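Colleague: This structure is in structure tokens; I'll ask about it shortly.
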Amino acid sequence: MSEAVIEEKKCWGERFVQLRLKEEEIARCARPGQFVMVRVQEGFDPLLRRPLAVMKVEESSFYLFWEIVGRGTKILSSLNVGSKLEVLGPLGRGFSLSPSQALIVAGGRGITPLYFLASHFKENKIPFTFFLGVKDKEELFMVDFLQDFPGAYFWSCEEPVEGGFCGTVLSLFHTWLEDKSFSPGTGVYACGPEGMLKNLYREGKTQNFPLEVSLETFMGCGFGACMSCAVEKSNGKGYFHVCKDGPVFLAQELKW
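Shown next, in the form of structure tokens:
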């Protein structure tokens, strides 16, 4: 259990928030794909912590980014610089980190753990291409995050906008793949809505590429004790706990 201090806060519209938090141990230990469990406020209302993926780390700080989707994330979004948060982590199984090259596919707020992954690849000189899809103009600010990876990204928007591909990120990815082939050792990594991941898994079976997915799901404890984040195994023999066994899985491990 750690106490992290909010050093910086950014908001985009009324839906998205990013915090930079000072906590040296988490900043030192977190790996791409891992998450933290954040206590919303003092007391027991809301009772459960909120799971948030680590987006970025610096020498003694780490970043969280989320979309406001309920009461808990709304309360967290009301906190200001100087506030303290009780944080548990880093937790979970992250991404594999040593492909010969990588393709990264993010849907909306699914950019969070994948930005961290791309930063690792950049630092370690592993070639990658990042594909980001957003729903509307309100989410276009996420494209700015990718400017940290010049020449290594493409983006799409489901509304017509200048400069980007018009359509879903899967349509963008499929179009890009049309004249490409997969070399041995290529890794494909994804995070986003369940429907996006399911369709990407089917694409992977057709194109025969390995796929790692980071799942977004409700979590109660972060240790696999409460079983609220159970997902069925592909062989039908039991369940994984996303918090303990994931949140990153090989797509073929899961029943879609």
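Note that my numbering has the sequence shown beginning at 84, numbered continuously upward.
Even glycine gets a Cβ: it sits at the ideal position worked out from N, Cα and C.
Values in this document were obtained by computation on a predicted structure and should not be read as measured data.
Closest by CA to Tyr198, which one among Arg111, Glu97, Glu90 and Gln117?
Modeller: Of the listed residues, the one whose Cα sits closest to Tyr198 is Gln117.
Colleague: Can you have a look at Val390 and say buried or exposed, based on whether 16 or more other CB atoms are within 10 angstroms of its CB?
Modeller: Limits of the chain in this structure are 84 at one end and 339 at the other, which puts residue 390 out of reach.
Colleague: Just to confirm the assignment, what range does the alpha helix (DSSP H) spanning Glu261 have?
Modeller: No alpha helix (DSSP H) holds Glu261; DSSP gives it neither H nor E.
Colleague: From the DSSP output, in three-state form, read off Arg133 for me.
Modeller: Arg133 falls in the strand class under three-state DSSP.
Colleague: Is the beta carbon of Gly175 less than 8 Å from the beta carbon of Gly275?
Modeller: Their beta carbons are not under 8 Å apart, which means Gly175 does not touch Gly275 by this criterion.
Colleague: Which whole runs of the alpha helix (DSSP H) in the region 159-233 are 4 residues long or more, in chain order?
Modeller: Qualifying alpha helix (DSSP H) stretches, in chain order: 194-206 and 225-228.
Colleague: Cys312 lies in the alpha helix (DSSP H); which residues open and close that run?
Modeller: Note, Cys312: premise wrong, no alpha helix (DSSP H); not H, not E.
Colleague: Just how far apart, CA to CA, sit Glu169 and Val137?
Modeller: Glu169 and Val137: Cα-Cα distance of roughly 15 Å.
Colleague: Assuming contact is defined by CB atoms lying nearer than 8 Å, are Val88 and Leu102 in contact in what I supplied?
Modeller: No; because the gap between Cβ atoms is not below 8 Å, this pair is not in contact.
Colleague: Measuring only the C-alpha atoms, how far is Val314 from Leu186?
Modeller: Near 25 Å, if we compare the C-alpha coordinates of Leu186 and Val314.
Colleague: Below 8 Å on the Cβ atoms is my contact criterion, and I expect Ile109 with Gly172 to pass it. Report the Cβ-Cβ distance as a whole number of Å.
Modeller: Confirmed, Cβ separation roughly 6 Å.
Colleague: Determine which residues share a DSSP beta bridge with Tyr146 and list them.
Modeller: BP columns for Tyr146 point to Arg103 and Lys139.
Colleague: What do you get for Leu135, buried or exposed, if any count of 16 or more other CB atoms within 10 angstroms of its CB means buried?
Modeller: Answer is buried; the Cβ neighbour count reaches 16.
Colleague: Quick one: is Lys139 buried, meaning 16 or more other Cβ sit within 10 Å of its Cβ, or exposed?
Modeller: Buried, by the Cβ-count rule.
Colleague: With Thr269 as the anchor, note down where its beta strand (DSSP E) starts and where it stops.
Modeller: Looking at the DSSP string, the run of the beta strand (DSSP E) that includes Thr269 is Thr269 to Cys274.
Colleague: Under 8 Å by Cβ, that's how I've got Lys92 and Val164 pegged, so tell me the actual separation to the nearest angstrom.
Modeller: With a Cβ gap of about 6 Å, Lys92 and Val164 count as contacting.
Colleague: Compare the C-alpha of Asp262 against each of Ser239, Gln290, Val217 and Leu229 and name the closest.
Modeller: For Asp262, the nearest C-alpha among the options comes from Gln290.
Colleague: So Lys92 is in the alpha helix (DSSP H); what residue range does that whole segment cover?
Modeller: Per DSSP, Lys92 belongs to no alpha helix (DSSP H); it is in the beta strand (DSSP E), Ser85 to Trp95.
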